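Worksheet: one structure, shown below.
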Amino acid sequence: MSEDRIDESLTFDDVLLVPGYSEIMPSEVDVSTYLTPNIKLNIPLISAAMDTVTEAKTAIAMAQEGGIGIIHRNIDIISQAAEVERVKKYESGMIVNPLTVRPYHKVREALDIMLKHNITGLPVTEEDGGLVGIITNRDLRLEKNLDYRVDQLMT
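So the mapping is simple: the working numbering equals the position in the sequence shown, first residue as 1, plus 425.
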């Protein structure tokens, strides 16, 4: 047996960090660190790559605070790629490359896209990319005729 022994052990509740006066202002503190030589994190926090911990929603929240979320691998590769795509497309609450529909598309097509991608609205754009409106689940909530054109119901 080893002669090295632990004579005392402590739990979380046994330790207290007493706050004290400091000349350093919180805004002057830099807790950033590098995950790799090319990836800088503003906070030294990484969420675990576990299916009960990190999917797109957590990874987005971690990124917004300056950390990083590692998407778990307990799903098929297509689902993994979809989770990563959701995170990469999310930028400060603004979607960089949104899915869109044209004014002449059928309401049925817009609804199919919304259901497939789990979203509640789509920008309606012209061929040149100009925005002409938006169609949301509120516009479609009571609509029975799915053969209407999007421009007949958009706001």
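Idealized CB from N, CA, C, for every residue including glycine. Predicted model, so just to flag it, every value in this text is computed and none were measured.
Which of helix, strand or coil DSSP assigns to residue i
i: residue 556; result: strand
i: residue 569; result: coil
i: residue 483; result: helix
i: residue 444; result: coil
i: residue 510; result: helix
i: residue 434; result: coil
i: residue 454; result: coil
i: residue 521; result: coil
i: residue 460; result: strand
i: residue 470; result: coil
i: residue 533; result: helix
i: residue 582; result: Coverage of the chain is limited to positions 426 through 580, which leaves residue 582 absent and any answer about it impossible.
i: residue 549; result: strand
i: residue 575; result: helix
Check whether residue i and residue j have beta carbons under 7 Å apart
i: residue 538; j: residue 524; result: yes
i: residue 536; j: residue 565; result: yes
i: residue 540; j: residue 548; result: no
i: residue 579; j: residue 558; result: yes
i: residue 491; j: residue 467; result: yes
i: residue 508; j: residue 480; result: yes
Kindly confirm or deny that the stretch 561 to 580 and the stretch 527 to 539 touch, where touching means at least three C-beta pairs closer than 8 Å.
-> In this structure the stretch 561 to 580 lies against the stretch 527 to 539, because at least three pairs of beta carbons, one per stretch, are closer than 8 Å.
Three-pair Cβ contact test at 8 Å for the stretch 491 to 499 versus the stretch 461 to 472 | Short answer: they touch.
Pairing CB atoms from the stretch 506 to 516 with CB atoms from the stretch 482 to 493, are three or more of them under 8 Å?
-> Yes: the two stretches touch, three or more of their Cβ pairs being nearer than 8 Å.
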